[in-house]
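Enquirer: Terminal number for the sequence shown in UniProt numbering: 434, no gaps in between.
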Amino acid sequence: MKQKSISIVILAAGKGSRMKSSKAKVLHTISGKPMLYHIIKESRKISDDITVVVAHQKEAVVETMQSYFDDICFVEQDAKNYPGTGGAMMQVEPKHDKVLVLNGDMPLITADALKGFLELEADIIMSIFDLEDPDGYGRVIIRNNHVEYIVEQKDADEAELNVTTVNAGVYAFSKVILERYIPDLSNDNAQQEYYLTDIIAMANEDESSIVPLLVDEEHFKGVNSKKDLADTEEIMQNRIRTKWMNAGVTMQLPATIYIEEDVVFGGECIVENGCRITGKSKIINSHIKAGSVVEESTLKNSDCGPMAHLRPLSHIEDTHIGNFVEVKKSTLKGVKAGHLSYLGDAEIDEGTNIGAGTITCNYDGVKKYKTRIGKNVFIGSDSQLVAPITIEDNVMIAAGTTVTSGKIKSGNLVLSRTKMRFVKDFYYKFFGKK
Numbered sequence: 001m002k003q004k005s006i007s008i009v010i011l012a013a014g015k016g017s018r019m020k021s022s023k024a025k026v027l028h029t030i031s032g033k034p035m036l037y038h039i040i041k042e043s044r045k046i047s048d049d050i051t052v053v054v055a056h057q058k059e060a061v062v063e064t065m066q067s068y069f070d071d072i073c074f075v076e077q078d079a080k081n082y083p084g085t086g087g088a089m090m091q092v093e094p095k096h097d098k099v100l101v102l103n104g105d106m107p108l109i110t111a112d113a114l115k116g117f118l119e120l121e122a123d124i125i126m127s128i129f130d131l132e133d134p135d136g137y138g139r140v141i142i143r144n145n146h147v148e149y150i151v152e153q154k155d156a157d158e159a160e161l162n163v164t165t166v167n168a169g170v171y172a173f174s175k176v177i178l179e180r181y182i183p184d185l186s187n188d189n190a191q192q193e194y195y196l197t198d199i200i201a202m203a204n205e206d207e208s209s210i211v212p213l214l215v216d217e218e219h220f221k222g223v224n225s226k227k228d229l230a231d232t233e234e235i236m237q238n239r240i241r242t243k244w245m246n247a248g249v250t251m252q253l254p255a256t257i258y259i260e261e262d263v264v265f266g267g268e269c270i271v272e273n274g275c276r277i278t279g280k281s282k283i284i285n286s287h288i289k290a291g292s293v294v295e296e297s298t299l300k301n302s303d304c305g306p307m308a309h310l311r312p313l314s315h316i317e318d319t320h321i322g323n324f325v326e327v328k329k330s331t332l333k334g335v336k337a338g339h340l341s342y343l344g345d346a347e348i349d350e351g352t353n354i355g356a357g358t359i360t361c362n363y364d365g366v367k368k369y370k371t372r373i374g375k376n377v378f379i380g381s382d383s384q385l386v387a388p389i390t391i392e393d394n395v396m397i398a399a400g401t402t403v404t405s406g407k408i409k410s411g412n413l414v415l416s417r418t419k420m421r422f423v424k425d426f427y428y429k430f431f432g433k434k
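1) Please report the straight-line C-alpha distance between Q91 and E179, rounded to a whole angstrom.
2) Does DSSP classify K39 as helix, strand or coil?
3) Given this structure, state the Cα-to-Cα distance separating L185 from I177, to the nearest angstrom.
4) Just to confirm before moving on: does the CB-CB distance between E260 and T232 stay below 9 Å?
5) Using C-beta distances below 7 Å, list every residue in its chain close to E218, excluding the 5 sequence neighbours before and after it, in chain order.
6) Let me check one thing: in DSSP terms, what residues is D130 bridge-paired to?
7) So, C269 versus V249, is the Cβ gap smaller than 9 Å?
8) Considering only the alpha carbon of each residue, which of S209, I210, I397 and N167 lies closest to G222?
9) Buried or exposed for L213, going by 16 or more other Cβ atoms inside 10 Å?
10) Tell me whether S17 sits in a helix, a strand or coil according to DSSP, three-state version.
11) Quick one: Cα of S302 to Cα of H315, how far?
12) According to DSSP, simplified to helix, strand and coil, what is F173?
13) Tell me the DSSP bridge mates of G266?
14) Let me know the secondary structure DSSP gives N246 once reduced to three states.
15) Any chance the stretch 69-78 sits against the stretch 36-54, with 3 or more Cβ pairs inside 8 Å?
16) In the DSSP assignment, find the unbroken alpha helix (DSSP H) run with T85 in it and report its ends.
17) Quick one: is N362 buried, meaning 16 or more other Cβ sit within 10 Å of its Cβ, or exposed?
18) Under three-state DSSP, which class holds M1?
19) Of all the options N162, G138, K419 and V147, which has the alpha carbon lying nearest to the alpha carbon of K154?
20) Going by the C-beta, is E233 closer than 8 Å to any heavy atom of the ligand HEM?
21) Would you identify the three-state DSSP class for I257, choosing helix, strand or coil?
See the structure below:
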């Protein structure tokens with residue numbers, strides 16, 4: 001249930017230059033969804049007032065997030081005149097008395113991890129880590145459970161350098177504190193930016209209550225580079241796999257399996273090593289064998305692989321899909337397709353056997369066409385079915401046949417091979433030796 005007493009501001013205006021990418025940092029994906037999506041999704045569990053601050057590639061960020069959420073407010077930072085985290089907050093108008101400020105590059109954050117900000121009462125709540133090696137981090141100086149100040153490592157003296165408590169980068173402010181101090185922020189610093197953290201020192205001078213909140217590093221991990229992105233993906237994948245294994249899914253060598261967030265499993269499922277399952281795939285009582293890829297497809301009471309590829313919008317039910325079979329935008333029910341086939345834009349009914357090397361020729365260079373195959377059809381190996389085509393029930397297609405007729409009537413045998421010829425002693429004549 002959403003808490004009505006807190007506003008959430010997500011800072012998503014930065015360029016993320018260390019990502020070395022033309023894409024906005026917050027749009028890089030983790031388990032199939034942009035980083036910013038994960039943060040908004042969790043924020044919506046505890047707040048009904050969420051504001052995202054944008055600047056760099058603002059149109060792309062807003063358009064992408066609006067494709068997922070319709071209840072988020074976006075405001076643009078004047079990054080040219082008011083850069084920095086403090087500048088980002090200048091356009092925000094929260095409606096609740098407590099304001100939680102999150103960073104748009106923390107996709108591992110969860111609603112549960114944010115509960116402490118809801119439960120504590122103070123003018124400012126500041127998240128902190130305790131690190132064995134705090135090198136590179138600003139130190140947080142705490143006395144009597146009160147944050148006295150933050151000192152950057154380059155400015156710290158010997159005693160401060162021995163402190164292992166560092167800033168985790170997430171804050172909850174009372175609305176009154178923000179309204180009081182944001183207008184007084186200054187950019188008189190080396191970077192000429194407006195820093196939200198300067199409010200800590202200003203509030204301390206007025207003896208405001210500033211309390212630390214110890215958080216775990218995993219949930220508050222920021223993504224600033226492609227290495228960080230990979231590390232974060234690994235953590236998110238482990239969460240997803242653990243959730244489904246706890247629900248009863250068998251995974252062989254789970255660390256080698258990639259599963260996106262929207263994938264759903266049901267019943268008794270087995271996923272072997274090296275598999276990739278993406279999009280809104282649904283896997284029900286099925287076995288996905290080693291090295292297979294399932295994209296935005298449904299697999300029910302079936303098995304596929306090893307090394308099978310189910311491309312988007314395929315629906316597979318009571319079916320065996322063997323090795324090196326590719327299925328695209330097709331519906332197969334009660335079918336056997338054992339090896340080395342391409343089945344695209346097809347509807348295939350129960351009892352049908354697809355021989356090795358069968359190809360549905362669904363594209364003429366301009367348009368895609370449908371292949372419809374009825375019940376109990378036997379298709380021999382190395383057959384080509386040139387769409388658009390309908391094959392009725394109880395048809396046999398001989399091996400090596402190219403089927404070009406638009407409709408094959410029930411009960412027929414289709415055969416298009418040329419008659420086999422023998423040329424006596426041709427080998428010896430061709431190579432000039434016997």
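For every residue, glycine included, the Cβ atom is placed at its ideal position computed from N, Cα and C.
Since the model is a prediction, treat every value here as computed from it, not as a measurement.
Expert: Reading from the atomic positions:
1) On the sequence shown, position 91 is the one that residue 91 refers to. On the sequence shown, position 179 is the one that residue 179 refers to. Near 11 Å, if we compare the C-alpha coordinates of E179 and Q91.
2) Here the question's residue 39 lines up with position 39 in the sequence shown. The sequence shown places Ile at residue 39, not Lys. In this structure, I39 counts as helix in the three-state DSSP scheme.
3) The count along the sequence shown starts at 1 and reaches residue 185 at position 185. The count along the sequence shown starts at 1 and reaches residue 177 at position 177. The alpha-carbon atoms of L185 and I177 are separated by roughly 12 Å.
4) Taking the first residue of the sequence shown as 1, we reach residue 260 at position 260. Taking the first residue of the sequence shown as 1, we reach residue 232 at position 232. No, the Cβ-Cβ distance between E260 and T232 is not below 9 Å.
5) In the sequence shown, the residue the question calls residue 218 occupies position 218. Counting only Cβ-Cβ distances below 7 Å, and skipping sequence neighbours, we find L108 and I235.
6) Along the sequence shown, read from residue 1 onward, the residue named residue 130 stands at position 130. The partner list for D130 (beta bridge, DSSP) reads T165.
7) The residue labelled residue 269 in the question sits at position 269 within the sequence shown. The residue labelled residue 249 in the question sits at position 249 within the sequence shown. Cβ atoms of C269 and V249: closer than 9 Å.
8) Here residue 222 refers to the residue found at position 222 of the sequence shown. If we check each option's Cα against that of G222, N167 comes out closest.
9) Here the question's residue 213 lines up with position 213 in the sequence shown. Its Cβ being crowded by 16 or more others within 10 Å, L213 is buried.
10) Mapped onto the sequence shown, residue 17 falls at position 17. Looking at S17 - three-state DSSP - the assignment turns out to be helix.
11) Taking the first residue of the sequence shown as position 1, residue 302 is located at position 302. Taking the first residue of the sequence shown as position 1, residue 315 is located at position 315. Cα-Cα distance, rounded: 10 Å.
12) As a working note, residue 173 is residue 173 in the sequence shown. Here F173 sits in strand by DSSP.
13) Numbered from its first residue, the sequence shown carries residue 266 at position 266. For G266, which the question treats as bridged, DSSP gives the partners I284.
14) Here the question's residue 246 lines up with position 246 in the sequence shown. Residue state, collapsed to three classes: helix.
15) yes
16) Position 85 of the sequence shown, counted from the start, is the residue given in the question as residue 85. From DSSP, the alpha helix (DSSP H) with T85 extends over G84 to A88.
17) The residue labelled residue 362 in the question sits at position 362 within the sequence shown. So N362 counts as buried.
18) Mapped onto the sequence shown, residue 1 falls at position 1. Since pLDDT at M1 reaches only 47, below the 50 mark, its modelled position is unreliable, and the value read off the structure follows with that caveat. The answer is coil: DSSP assigns M1 none of H, G, I, E or B.
19) Indexing the sequence shown from 1 puts residue 154 at position 154. Checking every option, the nearest Cα to that of K154 belongs to G138.
20) Judged by which ligands are present, the structure shown has none, so any question about the ligand HEM falls away.
21) Indexing the sequence shown from 1 puts residue 257 at position 257. Of the three classes helix, strand and coil, the one that applies to I257 here is coil, per DSSP.
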